[in-house]
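Encoded as structure tokens, the structure appears first; notes follow it.
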Amino acid sequence: MQRLSQIRQGAASAVTRTSTAVVGTTERAVSAVGERLEALSFRMSKAADAANNWADAGIVGRYFAFRERGTRLMIELRAGSVTFLMVAYILAVNPNILVTTGGTCRPDQMCSPQDFALEGKACMINSQDPGAVSCLSDLKKNLITATAASSLISTFIIGYLANLPLALAPGLGINAYVAYQVVGQFSQGELTYEQAMAAIFVEGWIFVLLSVTGVRGGIIKYMPKTIALATSVGIGLMLAFTGLRNLDIVTFDRSTLVTLGGCGAGDRTYVYEFDDPLSPLVAANESAVLIAQASVWGCSGGVMRSASMWLGIAGGMLTSILLYQGVKGALIIGIAFVTVISWIPGHAATYLGTSSSIPGGEARLDVFKQVVAVPTLSMTGLAWDWSAFDKSQLWIALVTFLYIDLLDCTGTLLSMAHVLDSYLPGFLDDSGEFPGQMWAFLADGAGIIVGSMMGTTPLTVFIESAAGIEDGARTGLAAIVVSAFFFVSLFFSPIFASIPPYATGAALVLVGAILIGHVNRIEWDNIGEAIPGLLTIVLMPMTYSVAYGVVAGLASYIFIHAPFAIYDWIVSRLRPDRAKANHAARAAREQRRRSRFYMRRKALGEGPPDGGPPVDLGGSDADSYISSDSRHPPGRSTASRSHKALGGGGGGG
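Every position in the sequence shown, counted from 1, becomes a number in the numbering used here once 366 is added.
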């Protein structure tokens, strides 16, 4: 027994010595790693400072006006990376939408004679014919190249020539209009893919002409300020709604249209759409040919139990904490955190492989494994057909393209200019115009032309550019960084196309929160301003279109104000003395209304509204709301409030 006790004591002593040695070794190793990381961080910081100083003193800083816009090289590089990560999803989404048109793949050539005779053009749907599968696969590669290359060129133009930190890419909404209405599934619509590309090419030149002649500038110059501000708020809500959809928090509901989601794959009920040409086709052997399910789904149970949703929420919480602490590049860190975890196969929140809760995981894993892809435009480059210009359907489509692009692009550009103006007071002049405006318009038009040459739908400024602006982007160098990433994506598109939507969802919601801050600059107590503002704000997320919101706001604004303008014009011609009296009475009523509005804010201890005009309510200057710049009262810029609300933002200039 004594011997056994000695053995136990010896073993315990050996374990203690070993554990002490292991702990000591671990502490020394951790300390060494910490010292090395600290040294590396110090060297990187010195290198970044050296790069910043070099850029500030050199041609780069002078050309992009770093000093005037309060930014530095490393901030622009980081913010440009954020912008690209926010728009990178277009590399996967746009080709997936346009490939449904069949592009230049001909059903009569790709399908077997028996299938084509039985089903017509619908034979390409879910076809397992080797020729059809191969053609559609090659078409998708062409469309990825077209998306990346056209985005690269147009984004570089707006960055280098307009000096604006904005990204351009094929617009969502108009690509769906082309794919599902104009061309239809596998050219079952009114026009073929080649005819639609020819129409877009012509529309691009008309777009450039409208920019050069000042029509687009006139839209910005004469657009009511309420509509311009409401557009920013509506885009913020639209971004937030998009982010919630990407996180799967919001899903389809048959009764209320949208509802709380977040259910797993087994509890999802997908929506099917059957139109006459594609309603179940019953063949001779009585088997049905069904179309693929849509991407819209509802939950039959298991709400808020999706692993991918919770991973996205975790990334959003991490981003929020980092923003609150003022960490530089918080958006990138949050997106990278979710993306890296989602690429790990074998767990419920993975985006790749058979265990993914999002359909198509195995196919995405196969694409991801390719890593490198050779860019090609052999199928979509200059794929034009000019034979349909005698058809009314083509001209209807062309006018629709032009109308959507004109309002969508112009509205988004103006909204992004307002966001920049909140960080750079005076960026917008008194007429609502901004530096580089003409080049920005031409970049839009050039993007549409180049896109049609490569085989993709019209390009537009992406509202996700606001994420980069919030992270510090102030100059066109950030846009050039985005274009550089698009160049890299030409060869590594499988990697960038594998960023899951729930990785960027939370970031979109946070950026939407910043844009919504413009709502307090609208005079809500003036019904003539409130109704157009509300319609603009609400209809953008509800219709998923910037253009529809702008149209509703402008139409209501004209409907409310036009009768008074016409009445004043008639009276001024018939009774000039009466016109002056009417004008004076109306001005007095407006002054009383604003006085009540301002005094109410003052009684609540609030400052003057950022959008309000300088108004003297009487008394000393200390008791009056007077500002030399009513959009940016001293000490109360919208940028400072946004940064305060988010803990200092993601780094700014």
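Note that CB positions come from ideal geometry on N, CA and C, so glycine has one too.
Item	Value
Backbone CA spacing between residue 520 and residue 624 [nearest angstrom]	35 Å
Straight-line Cα distance separating residue 682 from residue 724	20 Å
Where the alpha helix (DSSP H) through residue 778 begins and ends	758-789
Assigned secondary structure, residue 618 (DSSP; H/G/I helix, E/B strand, else coil)	strand
Opposing strand residues paired with residue 664 [DSSP bridges]	635
Residue 618 versus residue 629 - alpha carbon distance	12 Å
6 Å CB neighbourhood of residue 320 in its chain, flanking five on each side removed	Residue numbering for the chain in the displayed model covers 367 to 1019; residue 320 lies beyond these limits and cannot be assessed.
6 Å CB neighbourhood of residue 741 in its chain, flanking five on each side removed	511 and 856
Three-state secondary structure (DSSP) of residue 697	helix
Cα-Cα separation between residue 513 and residue 780, rounded to whole angstroms	24 Å
Sequence ranges, alpha helix (DSSP H) only - wholly within the segment 856-930, length at least 4	867-881 and 893-909
Where residue 435 falls, given that 16 or more other Cβ within 10 Å makes a residue buried	buried
Cα-Cα separation, residue 664 to residue 721	20 Å
Reduced DSSP secondary structure (H/G/I, E/B, other) of residue 824	coil
Residue span of the alpha helix (DSSP H) that contains residue 625, given as start and end	From DSSP, residue 625 is part of no alpha helix (DSSP H) but of the beta strand (DSSP E) over 623-626.
Classification of residue 928 by the beta-carbon crowding that lies within 10 angstroms, buried from 16 upward	exposed
Straight-line gap, residue 396 to residue 402 (C-alpha atoms, nearest Å)	10 Å
Cβ distance (whole Å) where residue 603 is taken to contact residue 860 below 8 Å	Not confirmed; about 33 Å, so no contact.
The segment 538-546 / the segment 842-857 touching (three or more Cβ pairs under 8 Å)	no
Identity of the residue in 815, 784 and 544 nearest residue 801 by Cα	784
Reduced DSSP category for residue 461 - H, G, I as helix; E, B as strand; rest coil	helix
Residue of 934, 913 and 894 minimising C-alpha distance to residue 924	894
8 Å contact criterion, which residue 507 and residue 739 should meet: CB distance rounded	7 Å
Nearest-angstrom Cα separation, counted from residue 580 out to residue 573	11 Å
Other residues of its chain near residue 777: CB distance less than 6 Å, five sequence neighbours each side excluded	597, 912 and 916
Where the alpha helix (DSSP H) containing residue 689 begins and where it ends	673-690
Close-in-space but distant-in-sequence residues of the same chain around residue 719 (CB under 6 Å, 5 per side omitted)	711, 727 and 731
Residue 535, DSSP secondary structure in three states	strand
Nearest-angstrom Cβ-Cβ length linking residue 505 and residue 469, presumed shorter than 8 Å	4 Å
Sub-8 Å separation of residue 873 and residue 685 beta-carbons	yes
For residue 383 and residue 393, the rounded distance between their alpha carbons	15 Å
Buried or exposed (CB count within 10 angstroms, at least 16 for buried), residue 582	buried
Residue 561, enclosing alpha helix (DSSP H) - first and last residue	559-578
DSSP three-state assignment for residue 471, whether helix, strand or coil	coil
Distance, residue 472 Cα to residue 601 Cα	39 Å
Cut-off 6 Å between Cβ atoms - residues of its own chain near residue 774, not counting five sequence neighbours on either side	826, 912 and 913
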